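Structure first, then comments.
In mature numbering (1 follows the signal peptide of the UniProt record, and there is no 0), the protein residues as written are -27 to -1, 1 to 255.
The structure is reproduced here in structure tokens:
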């Protein structure tokens, strides 16, 4: 079965209305989204020859992004009589097409990531509230308020844990992924330890908003374990070697590379702000 674009839009509008106008504030233009996706917003502005009428900073599932709004006035078009000509064959009426502003606008919205790279090109449906749907604030209200901007850009804390077992001191087990709670991360690490046959599994360290690497070095004829931390994987790997050497270690090497409990990379990602790091050793 084939539906026309207009019919689909009508169906979408009806669905949004049935949802108390709380969602479906925009619909995507697939063709232009594919064309502009990944390009910088400044290229779009230069190509269209228009400046955005509004700029919003929004948040979706903890990740901030930007919306640029372009307003196009809606006009009512009609023909106005400007004169008549009488002749033998009758009367000719002369008209002039007029455009009267209705007081309303048709909005086009360009969504970008926090660095200004376009992710989608959309138009408003006339239903819903874009600010509520995408958790948006006007950039002008946020940009000059450091506390509000930091709050908007700050990401959720994530946790990872590492466990070991007294009956197998050659192994350590890290949680498979970063979790939103310390409890989940610890349960994962302990479960992996037990699944691998550990008889006395316990959490060695839990940490949040940083990356952790483990390593080992040689000192006085024996090997010892060491940890290193950093804002990203590379930083943690570098720190673990430095920590090993600062403790008098020789032949220092990384055993487990940067396991990151971070929502973004503060050193390399624009607009990435994380809460204060935490390291807990039970």
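C-beta: ideal position from N, C-alpha, C; glycine also.
Quick caveat, the model's predicted, so the values are computed rather than measured.
Proximity below 7 Å, CB of residue i to CB of residue j
i, j, result
"residue 130", "residue 181", "yes"
"residue 49", "residue 73", "yes"
"residue 14", "residue 85", "yes"
"residue 95", "residue 45", "no"
"residue 190", "residue 217", "yes"
"residue 42", "residue 82", "yes"
"residue 173", "residue 136", "no"
"residue 253", "residue 179", "yes"
"residue 230", "residue 210", "yes"
"residue 187", "residue 91", "no"
"residue 27", "residue 93", "no"
"residue 18", "residue 244", "no"
Candidates the options: closest to residue i by CA position
i, options, result
"residue 52", "239, 59, 156 and 66", "66"
"residue 40", "64, 104 and 5", "104"
"residue 171", "60, 138, 229 and 42", "138"
"residue 127", "-2, 32, 154 and 24", "32"
"residue -4", "93, 16, 100 and 34", "100"
"residue 166", "239, 186, 141 and 150", "141"
"residue 236", "75, 82, 34 and 223", "34"
"residue 256", "136, 12 and 255", "Absent from the model: residue 256. The displayed extent of the chain is -27 to 255, so no value can be given."
"residue 194", "57, 222, 154 and 87", "222"
"residue 133", "185, 90 and 110", "185"
"residue 47", "76, 204 and 188", "76"
"residue 247", "62, 108 and 125", "125"
"residue 255", "220, 206, 175 and 201", "175"
"residue 98", "57, 116 and 106", "106"
"residue 143", "92, 2, 112 and 169", "169"
"residue 196", "215, 206, 220 and 212", "220"
"residue 37", "108, 198, 157 and 228", "108"
"residue 224", "245, 199 and 206", "199"
"residue 146", "228, 203 and 8", "228"
Three-way DSSP call (helix, strand, coil) for residue i in this model
i, result
"residue 225", "strand"
"residue -22", "The predicted position of residue -22 is uncertain, since its pLDDT is 43 and thus under 50; a value taken from the coordinates is nonetheless stated next. In the structure shown, residue -22 sits in a helix (DSSP, three-state: H, G or I)."
"residue 126", "helix"
"residue 245", "coil"
"residue 150", "coil"
"residue 121", "helix"
"residue 88", "coil"
"residue 33", "strand"
"residue -6", "Since pLDDT at residue -6 reaches only 38, below the 50 mark, its modelled position is unreliable, and the value read off the structure follows with that caveat. The answer is coil: DSSP assigns residue -6 none of H, G, I, E or B."
Delimiting residues of the alpha helix (DSSP H) encompassing residue i
i, result
"residue 6", "3 to 9"
"residue 167", "155 to 168"
Sheet register partners of residue i (DSSP bridge)
i, result
"residue 109", "According to DSSP, which records beta bridges pairwise, residue 109 is partnered with nothing at all."
"residue 192", "195"
"residue 81", "43 and 96"
"residue 251", "181"
"residue 52", "70"
"residue 237", "Residue 237 is not bridged to any residue."
"residue 62", "Residue 62 pairs with nothing; no bridge assigned."
"residue 202", "185"
"residue 175", "137"
Extent of the continuous beta strand (DSSP E) to which residue i belongs
i, result
"residue 217", "Residue 217 -> not in any beta strand (DSSP E); alpha helix (DSSP H) instead, spanning 206 to 219."
"residue 14", "That residue, residue 14, is in no beta strand (DSSP E); its alpha helix (DSSP H) goes 14 to 21."
"residue 135", "132 to 138"
"residue 26", "Here residue 26 belongs to no beta strand (DSSP E), and DSSP marks it neither H nor E."
7 Å Cβ cutoff, residue i in contact with chain D
i, result
"residue 131", "Looking at the structure shown, chain D is missing, and only one protein chain is on hand."
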